[in-house]
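Student: Which chain is which? The protein sequence lines are A and B, in order.
Each step along the first sequence adds one to the number in the UniProt record's numbering, with nothing skipped, and position 292 is 292.
Each step along the second sequence adds one to the number in the UniProt record's numbering, with nothing skipped, and position 204 is 204.
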Amino acid sequence: MDDTKRYERLLTRFRDGDINRRTFLTVLGAAGVTAGITGGPMGMLARNAHAATPEQVRFDGWGGVVSEAFEKYAFGPYTAKTGIKVVSGTFGGADEYIARVKAGQPGEFNLAHLSGVFDYARYHGLELTSELNEANIPNLKNVIPGLIEPLRKITNGTISAVPYDYGTTGIAYNRKYISDDEAKAKGAKLMIDPAYKGKIGGWGEWKTRIWYGALQSDQDPNGIKDIDAVWDMIRAHRDLSLKYWSSGAELMSLLAEEEIYVTEGWSGRIKALQDQGHDIGYLDPAGGLGWQECLFVLRGSPMAACEELLNFMLEPEVAIAVAEGQSYPPALDPNKVDLGKIIPTLPAFDPSGTLSSLSFFDPAYWNENEADWSKTFSRVQRGY
Amino acid sequence: MAADVAGARRTPWVLLSPSLATISLLLIIPMMFIVVYSFWLRTATGADQVGFFLDNWIEVLGDRFYRDILFQTFAIAFYTTVICALIGYIPAYFVANTPMKSKTFLLLMLMLPFWISYIIRTMSWINILGASGALNTLFVSIGIIDEPIQMLYNQTTVVLGLVHYLLPFMILNVYVSLDGIDKNLTEAAQSLGCTGFQAFREVTLPLSFPGLAAGSLLCFVLAAGTYITPVILGGPRDAMFANLVFEAIVTQLNWPLGSALSLVLLALLGALVVIYTRYLGVDQIAKSFK
């Protein structure tokens, strides 16, 4: 038996409660001494020991109002209750974060607020998923089953993340220039209307551009038959667009400053704009894009501490407070949990708890085409 | 005797060893990793396939797309450099010919922009040129235009952002060169019948060329390697080569292809530096940082 196996067995006994923390650390220390002064194995054991009894866990999220809500409603109270500090970091996008994780060491990154289900599948493909002990997360029973099942399918019945919120990427438009009726009538094609040339924006992310290109070419985004027609729509949108935005803050700034009149937008960010008094309309067109976000635990993380944090974050009062802070409905099932008065008013909220009215990325389909389409989009964006 | 000679030979290497170790650790070894990576492949899951494959190099060197973006990058860098040279020479000349007391203050003012983040400086143009920005607000309020005009998010604003970023580098280099010119030479030229402009054209300008060249090299290399400016101030089509490297590594998680792309940019810019060094030497650049 190698040192790693020996350590894993020891850790399992500790997690199962067969040995207490003091015994665990004593045995671990003895194992370290036995390993002698050899740097590598000792270093590895030291890292793992640190991960198993953490003073802190690292959480990475989207920043902005979302992180502020987490900090205020979740991390502070969690630290006060457990003594475990949550070190919070931010990333500009899911791609940026996965690159960081790939470059990092196991255990360096613990929890992240990621987009599901596409990214969940990517992490699984890179063997970065962990296996949550669902018994340690009793609040998981309150989560909408329809959000958990897609995760289970990818990781063979287990989960490496808990769904936390959901939203849509719909069409946001300035009502001073575009009426609700016009937006409804044109749907996704509003963003390729030459009447708004130079006042159109879009998220510069290949999946969203292709999704909307499929809608604009009257195709099912999860079963595209004519990809050339999609590229043509993306080109048309590109030539009419002023700017591809790359963050929620940039999206809000472009709309608020009236640099653009129409773009797709994230439901929560548009709600934030509306709350600030901007007359921005929001429409989920037929076949509109829904997504869920999950709290993902990376392989090599201190599982017990992470599971405790997840359970804490799924407490209804915490999840609802975070949801109200970030303007995205929580993943809690409205049939099981009273979500209060504000959540039902948020855009994309589904009172049925089934989310049957939304379309999601089919992870198998999109992952299969990811390498080819992301590269082609880069070219199409630049005029090809 | 032989031991003394051997010791004398060893001394420079011993003295150099901290620098060599630092350069090896922070530059050469990481670069070797990038070289190795460029011969790997990205698998469908995003993981890397270790091996020796020429696919990335064949794609990068054979695909017109990369050549076109490279050309566009160098064109933007060239425009930026020329504008920096044209508008940077005047303040450099002014500072070089200012009495010492004011010169210190002016040099401090030149350094002032470096105290503010490059990203914030770049983003400041949105508040100046945007639809609700300072210029549009002014033009509308005094009746020059009826509604805001679109000035942002095109290649011109990318060049503008780069000029804003790189101008101090040009001014400092030209200033160092001008400051080193013996004033007696221009006075001698004028005493021999030259007008002030002729003395400048025949004496000062040629003698300041090394500084101009050093500033141009710095501006060109920094502009060609930029990533942030086109992201903030460019439109959908406005990309530079570094943006492709970012997309390959971050968006597509294709580190091998990104490595090959970055090495191509490194090689081309490195070649430029070698050519410059061959003809002008690196001393002039070093002077600006003394």
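Virtual Cβ for every residue (Gly too), placed ideally from N, Cα, C.
How would you list, in chain order, the residues of chain B whose beta-carbon sits under 9 Å from the beta-carbon of residue 223(A)?
Tutor: In chain order: nothing, as chain B lies at least about 20 Å away.
Student: Would you list the residues sitting across from residue 291(A) in a DSSP beta bridge?
Tutor: According to DSSP, residue 291(A) shares a beta bridge with 167(A).
Student: Any chance the CB of residue 78(B) is under 7 Å from a heavy atom of the ligand FAD?
Tutor: As far as ligands go, the structure on display features none, and thus does not contain the ligand FAD.
Student: In chain order, what residues of the same chain have a beta carbon less than 8 Å from the beta carbon of residue 122(B), not counting five sequence neighbours either side?
Tutor: 161, 164, 165, 228, 229, 232 and 233
Student: Can you list, in chain order, the residues of its chain with a C-beta nearer than 8 Å to that of residue 5(B)? Leave out the 5 residues immediately preceding and following it.
Tutor: The answer is none, since no qualifying residue turns up.
Student: Would residue 13(B) be called buried (16 or more neighbouring beta carbons within 10 Å of its own) or exposed?
Tutor: exposed
Student: Please report the straight-line C-alpha distance between residue 23(B) and residue 287(A), rounded to a whole angstrom.
Tutor: Distance from the CA of residue 23(B) to the CA of residue 287(A), rounded to the nearest whole angstrom, comes to 55 Å.
Student: Given 8 Å as the limit, is there contact between the region 78-93 of chain A and the region 55-68 of chain A, that is, 3 or more CB pairs closer than that?
Tutor: The region 78-93 of chain A makes contact with the region 55-68 of chain A, as at least three CB pairs between them are under 8 Å.
Student: Which chain B residues are close to residue 385(A), counting only those with a beta carbon under 8 Å from its beta carbon?
Tutor: The structure shown has nothing for residue 385(A), since chain A only spans 1 to 384.
Student: Using the beta-carbon of each residue, which ones in chain A are nearer than 9 Å to residue 244(B)?
Tutor: 378 and 382
Student: Along the alpha helix (DSSP H) that carries residue 157(A), what are the first and last residues, could you check?
Tutor: Premise fails: residue 157(A) is in no alpha helix (DSSP H) and is neither H nor E.
Student: When Cβ atoms are compared, which residues of the region 66-97 of chain A fall closer than 7 Å to chain B?
Tutor: 95 and 96
Student: Within a Cβ cutoff of 6 Å, which residues of the same chain sit near residue 313(A), ignoring the five residues on either side of it in sequence?
Tutor: 74
Student: For chain A, is any of its Cβ atoms less than 8 Å away from the one on residue 236(B)?
Tutor: yes
Student: With distances taken from CA atoms, which of 131(A), 217(A) and 72(A) is nearest residue 303(A)?
Tutor: Closest in C-alpha terms to residue 303(A), from the list 131(A), 217(A) and 72(A), comes 131(A).
Student: Between residue 149(B) and residue 155(B), what straight-line distance do the alpha-carbon atoms span, to the nearest angstrom?
Tutor: 16 Å
Student: Could you tell me the alpha carbon to alpha carbon distance between residue 75(B) and residue 79(A), rounded to whole angstroms?
Tutor: 53 Å
Student: Just checking my contact of residue 208(B) with residue 171(B) at CB under 8 Å: how many whole Å lie between their CB atoms?
Tutor: About 12 Å separates the two Cβ atoms, so there is no contact after all.
Student: Quick check on the burial criterion: 16 or more other C-beta atoms within 10 angstroms. Buried or exposed for residue 249(B)?
Tutor: With 16 or more other Cβ atoms inside 10 Å of its own Cβ, residue 249(B) counts as buried.
Student: Under 8 Å, CB to CB, which of the residues in the region 116-145 of chain A have a partner in chain B?
Tutor: 122, 125, 126 and 127
Student: Consult DSSP for residue 117(B) and reduce its assignment to one of helix, strand or coil.
Tutor: coil
Student: Taking only the alpha-carbon atoms, compute the straight-line gap between residue 301(A) and residue 109(A) and give it to the nearest angstrom.
Tutor: So the alpha carbons of these two residues sit roughly 7 Å apart.
Student: Hey, residue 117(A) and residue 331(A) are a contact pair by Cβ (cut 8 Å); roughly how many whole angstroms apart?
Tutor: No, residue 117(A) and residue 331(A) are not in contact; Cβ-Cβ is about 12 Å, not under 8 Å.
Student: Spatial neighbours of residue 264(B) within its chain, please: C-beta separation below 7 Å, excluding the five flanking residues on both sides.
Tutor: 60
Student: Going by C-alpha to C-alpha distance, which of 132(B), 153(B), 77(B) and 104(B) sits closest to residue 147(B)?
Tutor: If we check each option's Cα against that of residue 147(B), 132(B) comes out closest.
Student: My output table needs one value for residue 57(B): the three-state DSSP class, helix, strand or coil.
Tutor: helix
Student: How about residue 202(A) and residue 191(A): are their beta carbons less than 8 Å apart?
Tutor: yes
Student: Does the distance from the CB of residue 295(A) to the CB of residue 310(A) come in under 8 Å?
Tutor: yes
Student: Is DSSP giving residue 328(A) helix, strand or coil here?
Tutor: coil
Student: Can you confirm whether residue 45(B), when its beta carbon is compared against all beta carbons of chain A, has any partner nearer than 8 Å?
Tutor: yes
Student: To which residues of the same chain is residue 118(B) closer than 8 Å at the C-beta, ignoring the five residues directly before and after it?
Tutor: 165 and 228
Student: Who are the neighbours of residue 247(B) on chain A, taking C-beta pairs under 7 Å?
Tutor: 378
Student: For residue 235(B) and residue 238(A), what's the separation of their Cα atoms in angstroms?
Tutor: So the alpha carbons of these two residues sit roughly 9 Å apart.
Student: Going along the chain, which residues of its own chain have a beta-carbon closer than 7 Å to the beta-carbon of residue 94(A), five neighbours each way excluded?
Tutor: Excluding sequence neighbours, residue 94(A) sits near 114, 115 and 119.
Student: Would you mind working out which of 57(A), 366(A), 216(A) and 223(A) sits nearest residue 285(A), comparing C-alpha positions?
Tutor: 216(A)
Student: Could you give the distance in angstroms between the alpha-carbon of residue 339(A) and the alpha-carbon of residue 356(A)?
Tutor: Residue 339(A) and residue 356(A): Cα-Cα distance of roughly 19 Å.
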